[in-house]
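J.: Quick one: the structure is below, questions incoming.
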Amino acid sequence: MQNNNVLQEINELRKKRRAIILAHNYQPGPIQDLADLTGDSLELSRKAKDTDADVIVFCGVRFMAETAAILNPQKIVLLPDLEAGCPMADMITAGDVKRIKEQFPGIPIITYVNSNADVKAESTICCTSANSINVVNSFEEASEVYMAPDQNLAKYTAKHTEKKVHHWNGFCPIHHNLKVEYVHEARKKYPDAVFIAHPECKPEVLDLADGVFSTSGMINYVSESEETFFIIGTEMGLIHTLKKNNPHKTFVPLHESLVCKDMKKITLEKILYSLKNLTPRITVPEPIRQKAQQALDRMLTIKVASGDYRSFSSKLWS
Ligand code: 13P
Ligand code: SF4
4 MQNNNVLQEI NELRKKRRAI ILAHNYQPGP IQDLADLTGD SLELSRKAKD TDADVIVFCG
64 VRFMAETAAI LNPQKIVLLP DLEAGCPMAD MITAGDVKRI KEQFPGIPII TYVNSNADVK
124 AESTICCTSA NSINVVNSFE EASEVYMAPD QNLAKYTAKH TEKKVHHWNG FCPIHHNLKV
184 EYVHEARKKY PDAVFIAHPE CKPEVLDLAD GVFSTSGMIN YVSESEETFF IIGTEMGLIH
244 TLKKNNPHKT FVPLHESLVC KDMKKITLEK ILYSLKNLTP RITVPEPIRQ KAQQALDRML
304 TIKVASGDYR SFSSKLWS
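Residues 4 to 321 (the working numbering) make up the sequence shown, in order.
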């Protein structure tokens, strides 16, 4: 079917079903353009909680749709491809978190939203790349916290808090594989460019960045910046919106490997199929859902403008 026909059918069905289409910033361009909202994990969680739509079509990976289902048990949450997962989310189990709690009694367990529902259910609170520092610092009485599953987000957060941060050793295969040499090469090729990176990158890569942000934090920063050339240290899908919002600025990915193949599993045809058939549907068993919701709700009470998660090198201030 032609893209135009598919789009038309999607548009008819989304009205009929009273559906909202949410898309992560890494989604393919045509899906971002079609969505009612594109955003980072924090923005999408907030929108999923607040929407009055009957159906949420989640264009992203499984943990994101699961988060929407945890927050909205009464709504139909669809993930157009059930195979769209996040390898990092599968690097820790609920059993692992139970053992961490035995090993570190009384210490808040702060779980990145890139995790499965049963892992969230065992956690004190969730966090995203946009609010991890605020979440950690919200535990005013605690001198130590445990962060899981992303070691790089934990190490980055640790640099911005007085607290001792213990962490699990998970990682995002896409961001974790970025090497310091890639940054040196890109800087040599584009000496006037600003390099911005996602906190899922290794510390040695982040140390070379001019700014560290969640995906929406990057979008906000680039729009506000007077700079015109950016090296992007996160998944390529983000460049679609960056270009759209800033047609006169230039963006290059730090490396060609910055593709999350799970994010690209969602297609327009699969969205149409989901809207027609109200499947594949994401649900979470009620006892797990209730506990996971507590961890997410606690996170959502912490005030932070999305994209506030930023640290700058002096280069950007001077
Ligand atoms: P954001 O919440 O910053 O969009 O990140 C989600 C993610 O999966 C990054 O790899
Ligand atoms: Fe997971 Fe990495 Fe893909 Fe984000 S980019 S969804 S962390 S695999």
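Quick reminder that beta carbons are idealized off the backbone N, C-alpha and C, glycines included.
Note that the coordinates shown come from a computational prediction; the quantities given were computed from them, not determined experimentally.
Here's the rule I'm using: 16 or more other beta-carbon atoms within 10 Å means buried, otherwise exposed. How should residue 195 be labelled?
T.: Label assigned to residue 195: exposed.
J.: Would you kindly report the start and end of the unbroken beta strand (DSSP E) that includes residue 267?
T.: Taken as a continuous stretch (DSSP letters only), residue 267 belongs to no beta strand (DSSP E), as it is neither H nor E.
J.: Quick check on DSSP: helix, strand or coil for residue 3?
T.: Since the first residue of the chain shown is 4 and the last is 321, residue 3 is not available in this structure.
J.: Any heavy atom of the ligand SF4 closer than 8 Å to the Cβ of residue 97?
T.: No, the ligand SF4 has no heavy atom inside 8 Å of this Cβ.
J.: Within this structure, are the beta carbons of residue 235 and residue 193 separated by less than 9 Å?
T.: No, Cβ-Cβ distance for residue 235 and residue 193 is not below 9 Å.
J.: Which value, in whole angstroms, describes the spacing of the CA atoms of residue 310 and residue 218?
T.: Caution applies to residue 310, whose pLDDT of 44 falls short of 50 and renders its modelled position unreliable; the value that the coordinates give is listed next. Rounded to whole angstroms, residue 310 to residue 218 spans 8 Å at the Cα level.
J.: Using a 10 Å radius around the Cβ and a threshold of 16 neighbouring Cβ atoms, would you call residue 155 buried or exposed?
T.: Label assigned to residue 155: buried.
J.: How would you label residue 14, buried or exposed, when you count the other beta carbons within 10 angstroms and need 16 or more for buried?
T.: The residue in question, residue 14, is exposed, as its Cβ has fewer than 16 Cβ neighbours within 10 Å.
J.: Is the beta carbon of residue 34 within less than 8 Å of some heavy atom of the ligand SF4?
T.: Not under cutoff, so the answer is no.
J.: Would you kindly work out how many angstroms separate the C-alpha atoms of residue 288 and residue 90, rounded to a whole number?
T.: Their Cα atoms are separated by approximately 22 Å.
J.: Suppose you measure from the CA of residue 300 to the CA of residue 70; what does that come to, to the nearest Å?
T.: When rounded, the distance between both Cα atoms is 11 Å.
J.: What are the complete alpha helix (DSSP H) segments, minimum 4 residues, inside the region 132 to 187?
T.: The qualifying runs are 135 to 140, 154 to 161 and 176 to 179.
J.: I'd like the span of the beta strand (DSSP E) that includes residue 81, first residue to last.
T.: 79 to 81 is the span of the beta strand (DSSP E), which, as asked, contains residue 81.
J.: Would you say residue 65 and residue 88 are within 9 Å of each other, going by their C-beta atoms?
T.: Closer than 9 Å, so yes.
J.: What is the residue span of the alpha helix (DSSP H) that residue 3 lies within?
T.: Nothing can be reported for residue 3, as the shown portion of the chain is limited to 4 through 321.
J.: Compute the beta-carbon to beta-carbon distance between residue 243 and residue 35, rounded to the nearest angstrom, for a pair I have assumed lies under 8 Å.
T.: Contact holds; Cβ gap of about 6 Å.
J.: Taking the alpha helix (DSSP H) that residue 64 falls in, what are its first and last residues?
T.: Per DSSP, residue 64 belongs to no alpha helix (DSSP H) and is neither H nor E.
J.: Among 37, 33 and 114, which one has its Cα closest to the Cα of residue 92?
T.: Among 37, 33 and 114, the Cα nearest to that of residue 92 is on 114.
J.: With hydrogens ignored, establish whether the beta-carbon of residue 215 is closer than 8 Å to any heavy atom of the ligand SF4.
T.: Result no, Cβ not under 8 Å from the ligand SF4.
J.: Might you give, ordered along the chain, the residues of its own chain that have their beta carbon closer than 7 Å to the beta carbon of residue 9, omitting 5 neighbours on each side?
T.: Closer than 7 Å at Cβ, skipping near neighbours: 271, 272 and 275.
J.: Can you tell me whether residue 240 is buried or exposed? The criterion is at least 16 other CB atoms within 10 Å of its CB, across all chains shown.
T.: Looking at its Cβ environment, which holds 16 or more other Cβ atoms inside 10 Å, residue 240 is buried.
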